[in-house]
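2 protein chains.
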Amino acid sequence: MNKYNRIFNFAAGPAMLPEEVLEIAKNEMMNYKNSGMSVMELSHRSSLFNDIITEAEDNLRKLLNIPFNYKVLFLQGGATTQFSSVALHLLKNKAAYINTGHWSNRAIIDARVFGQVDVIASSENESFSYIPDCSNLNLEGYDYLYYCDNNTIYGTKFKKVPNSFGIPLVCDMSSCILSEEIDVSKYGIIFAGAQKNIGPSGVTIVIIREDLINESSVYTPNILKYKIHSEKMSLFNTPPTYIIYMCGLVFKYLLNNGGIKAQEKKNIEKANYLYNYLDHSKFYKTMADKNSRSIMNVVFTTGNKELDLLFVEEAKKVGLENLKGHKVIGGLRASIYNAMPFEGVVTLVEFMKKFEVQYNV
Amino acid sequence: MNKYNRIFNFAAGPAMLPEEVLEIAKNEMMNYKNSGMSVMELSHRSSLFNDIITEAEDNLRKLLNIPFNYKVLFLQGGATTQFSSVALHLLKNKAAYINTGHWSNRAIIDARVFGQVDVIASSENESFSYIPDCSNLNLEGYDYLYYCDNNTIYGTKFKKVPNSFGIPLVCDMSSCILSEEIDVSKYGIIFAGAQKNIGPSGVTIVIIREDLINESSVYTPNILKYKIHSEKMSLFNTPPTYIIYMCGLVFKYLLNNGGIKAQEKKNIEKANYLYNYLDHSKFYKTMADKNSRSIMNVVFTTGNKELDLLFVEEAKKVGLENLKGHKVIGGLRASIYNAMPFEGVVTLVEFMKKFEVQYNV
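Here the protein sequences line up with chains G and L, keeping their order. Residue 79 in the working numbering sits at position 78 of the first sequence, and the numbers go up by one each step. Residue 108 in the working numbering sits at position 107 of the second sequence, and the numbers go up by one each step.
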């Protein structure tokens with residue numbers, strides 16, 4: 002709790018944003034940098050907005066140490082649009098997908114509109130509660146390898162980057178980007194919707210190796226072509242200017258607070274604190290395999306449907322919001338993205354202890 | 002000028018927003034309706050956001066008197082995405098397009114990816130300075146008729162809805178929606194990017210007659226399917242929540258200020274004031290045909306390139322921003338969308354008079 006009476010929001014996304022970032026947005030709302038305009042009112046061709054988008058890209062490049070031969074695009078349409086765009090650009094013969102649940106499955110469905118998609122690894126046999134071994138897949142003849150790095154619904158996360166044996170590796174990082182250090186050079190395309198670790202919903206970051214930009218299927222709508230967006234520096238059509246501004250504020254905030262290294266440390270501390278409590282509890286059970294645990298989405302249950310619902314209701318009363326699990330899997334879920342303070346996790350655990358004492362019969 | 006030192010912003014879009022709307026956004030930034038969260042942080046599945054999007058749709062329906070057999074969609078990707086979506090859904094045999102300049106031409110290019118597009122009327126012969134007669138087009142065998150209602154670059158506007166003789170009429174209303182009363186029932190699909198009269202950039206409103214929703218080409222990316230977005234009430238994937246909130250605030254503001262009828266009256270007054278001055282001036286020349294004049298974008302010139310540039314610079318110094326014409330046509334342009342107050346136009350004309358006295362040699 003704080004001066005604005007804000008609560009701890011454990012939503013899977015759109016999710017919490019740093020309070021300092023929201024304060025800047027509030028203070029600049031009526032008149033941005035003495036321009037006499039709100040950022041929302043700036044022309045996307047103005048020098049002020051050009052500074053915003055250029056600085057946002059520069060800072061993202063610093064944060065993720067993005068190599069020079071990768072373009073950064075700020076696009077609309079969410080990660081879901083990338084499910085189609087990726088296939089329209091890279092799927093010529095056949096594509097290899099790793100199925101680790103709902104979102105990789107959605108990517109598979111959307112790619113199949115345009116060609117052959119083979120699921121070459123899956124954890125469906127165990128309700129997606131683990132990450133399959135992807136160190137030695139047979140990728141002969143495949144155009145690219147696709148996976149979803151962090152699975153928000155099941156609370157699982159790849160601990161090792163799958164070995165793509167030289168074919169382009171495509172990754173949906175929507176729910177873990179900026180949460181830990183990564184080696185961008187291992188990837189062909191990384192994409193991420195903003196609404197978990199980056200900013201408000203409405204923009205998708207695409208980080209794409211230059212050699213993958215040019216070719217695309219003849220059926221590609223012009224608006225989905227990486228080449229067009231790349232050449233026009235994300236200004237082919239009017240971009241979501243205000244959302245990009247917000248993302249830029251988050252990037253700056255992260256840089257001013259030790260960058261991704263420091264953020265990763267904080268995230269591990271938060272996750273460890275929560276998992277450690279869960280592992281010692283006989284009341285709550287975690288749902289993901291221990292070796293596949295996400296540090297962004299912690300999925301657990303009391304094992305009792307009604308008790309889980311009561312948990313959500315009671316938590317809400319003390320300012321702990323959105324702890325309900327996804328309908329696909331049920332139970333409880335605490336999404337603890339970058340902007341969730343350690344204090345939020347501590348407060349949650351305190352509540353969990355009390356709830357356990359009261360309802361553990 | 003006012004308490005926030007705001008200026009008059011004549012940009013073609015993103016453009017001015019009502020100050021009252023920005024003030025609400027500012028005041029609600031840190032804690033929306035005592036939820037302890039910013040609107041940016043609300044889950045798109047929460048009841049609070051559900052209220053926001055439902056109310057936004059209801060109010061838009063009231064404003065435009067949208068019949069029950071039309072769906073309203075809040076989509077991403079800008080009007081440019083609709084250039085492809087429209088063709089992917091409606092283009093089976095051949096499509097008829099009216100070419101009134103840059104934006105209809107862009108729509109033509111994007112539609113041609115998917116089939117035969119014929120330009121059945123055009124004002125290209127006169128540099129798009131007028132709107133061709135579209136009362137009696139030969140539309141036999143065409144799947145639909147497409148046009149762009151208000152042409153921001155050339156400052157032209159259809160004064161009569163083209164007669165589509167029963168085939169679906171598709172209209173890009175990006176730069177004139179909500180500026181005047183319209184009869185939605187004449188249209189098959191109306192779409193509009195938000196960033197001129199609706200709200201910040203990042204959302205596109207699609208108003209579509211129900212019978213046009215279902216069929217689409219087999220090459221349609223799932224994310225572009227009207228059927229999916231319609232069934233999921235614009236929540237198929239995470240929508241641009243904050244931008245929809247802002248649009249909703251604008252809709253409410255318009256309803257509270259007399260609706261579209263009152264807004265149309267104000268817009269005509271503003272445009273008449275400016276055109277009247279221009280028509281009586283021997284220094285400035287308007288560029289659009291008198292019978293085709295837009296009341297949103299007033300395009301004019303001193304006839305001298307350097308003087309036009311000086312005009313833009315001098316105007317900027319007195320708080321009149323973004324008066325430069327589009328690079329395609331040059332000259333000067335005052336975009337006077339809904340949110341531009343009458344006072345802004347009066348201030349502009351006062352400046353123009355002084356500039357004329359100083360530089361009319």
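C-beta: ideal position from N, C-alpha, C; glycine also. In this text the structure is predicted, and so the values were computed from the model without any measurement.
Asked, Found
"Report the residue from I337(L), K267(L), Y71(L) whose alpha carbon sits nearest the alpha carbon of N151(L).", "I337(L)"
"Can you list, in chain order, the residues of its chain whose CB lies under 7 Å from that of L92(G), leaving out five sequence neighbours each side?", "A112, F115, G116, D144"
"Could you give the DSSP three-state label for T82(G): helix, strand or coil?", "helix"
"To test your reading of the DSSP string, which unbroken alpha helix (DSSP H) runs of 4 or more residues are found completely within the stretch 255–302 of chain L?", "260–281"
"Using a Cβ-Cβ distance cut-off of 8 Å, determine whether T239(G) contacts chain L.", "yes"
"Taking 8 Å as the threshold (C-beta atoms), are S180(L) and M17(L) in contact?", "no"
"Evaluate contact between the stretch 81–97 of chain L and the stretch 215–230 of chain G, counting only Cβ atoms and requiring at least three cross-stretch pairs below 8 Å.", "yes"
"At the 8 Å Cβ level, is S235(G) part of the contact set with chain L, yes or no?", "no"
"Which word fits V329(G), buried or exposed, when buried means at least 16 other C-beta atoms lie within 10 angstroms of its C-beta?", "exposed"
"Is L279(L) near L321(L), with beta carbons less than 8 Å apart?", "no"
"Using Cβ-Cβ distances below 8 Å, what residues of the stretch 326–351 of chain L are close to chain G?", "none"
"Please list, in chain order, all residues of the same chain as V120(L) whose beta carbon is under 7 Å from its beta carbon, the five residues on each side excluded.", "Y98, N100, I109"
"In chain C, what lies closer than 9 Å to A16(G) by C-beta?", "Among the protein chains of the structure shown, namely G and L, there is no chain C."
"Could you give the DSSP three-state label for R334(L): helix, strand or coil?", "strand"
"Can you name the residues of chain L whose CB is closer than 7 Å to the CB of L321(G)?", "Within chain L, no residue comes near L321(G); the closest Cβ sits about 10 Å away, beyond 7 Å."
"Just tell me which of V346(L), L255(L), F356(L) has its CA closest to the CA of E383(L).", "Outside the shown range of chain L, which is 2 to 362, sits residue 383(L), and nothing can be said about it."
"Determine the chain G residues that contact Y220(L) at a beta-carbon separation under 7 Å, and present them in chain order.", "Y220"
"Could you tell me whether any Cβ in chain L is nearer than 8 Å to the Cβ of I244(G)?", "yes"
"Find out if the Cβ-Cβ distance for the pair A39(L), M31(L) is shorter than 8 Å.", "Reading the sequence as shown, one finds Ser at residue 39(L) and not Ala. Yes. Within cutoff."
"Considering G345(L), what are the terminal residues of the alpha helix (DSSP H) in which it resides?", "343–360"
"Take N361(L) and list the residues in its own chain whose beta-carbon comes closer than 8 Å to its own, dropping the five residues that flank it on each side.", "K283, F284"
"Using only CA atoms, which one of A195(G), V347(G), F69(G) lies nearest to T239(L)?", "A195(G)"
"Alpha carbon to alpha carbon, how far is K95(G) from M2(G)? Give it in angstroms, no decimals.", "Because the pLDDT at M2(G) is just 46, under 50, the model does not fix this residue reliably, and the value given afterwards should be weighed accordingly. Going by the C-alpha atoms only, they are around 52 Å apart."
"Mind listing the chain L neighbours of T82(G)? Cutoff is C-beta to C-beta under 7 Å, in chain order.", "I224"
"G156(L) and V346(L) - do their beta-carbons sit closer together than 8 Å?", "no"
"Quick one: give me the first and last residue of the alpha helix (DSSP H) that V114(L) is part of.", "It is not in any alpha helix (DSSP H) - V114(L) carries neither H nor E in the DSSP assignment."
"Does the beta-carbon distance from Y131(L) to S293(L) come in below 8 Å?", "yes"
"CA-CA distance, Y254(L) and Q264(L)?", "11 Å"
"Quick check on D309(G): buried or exposed, where buried means 16 or more other Cβ atoms within 10 Å of its Cβ?", "buried"
"Between the stretch 245–260 of chain G and the stretch 212–220 of chain G, are three or more C-beta pairs nearer than 8 Å?", "no"
"Leaving out the 5 sequence neighbours to the left and right, which residues in its chain are closer than 6 Å to A340(L) when beta-carbon positions are compared?", "M17, L18, P19"
"What do you reckon, are the CB atoms on P15(G) and P241(G) nearer than 8 Å?", "no"
"Three-state secondary structure (DSSP) at T101(G)?", "coil"
"Spell out whether any CB of chain L is found under 8 Å from the CB atom of S217(G).", "no"
"Please list, in chain order, the chain G residues whose beta carbon lies closer than 9 Å to that of L23(L).", "M30, M31, S39, M41, E42"
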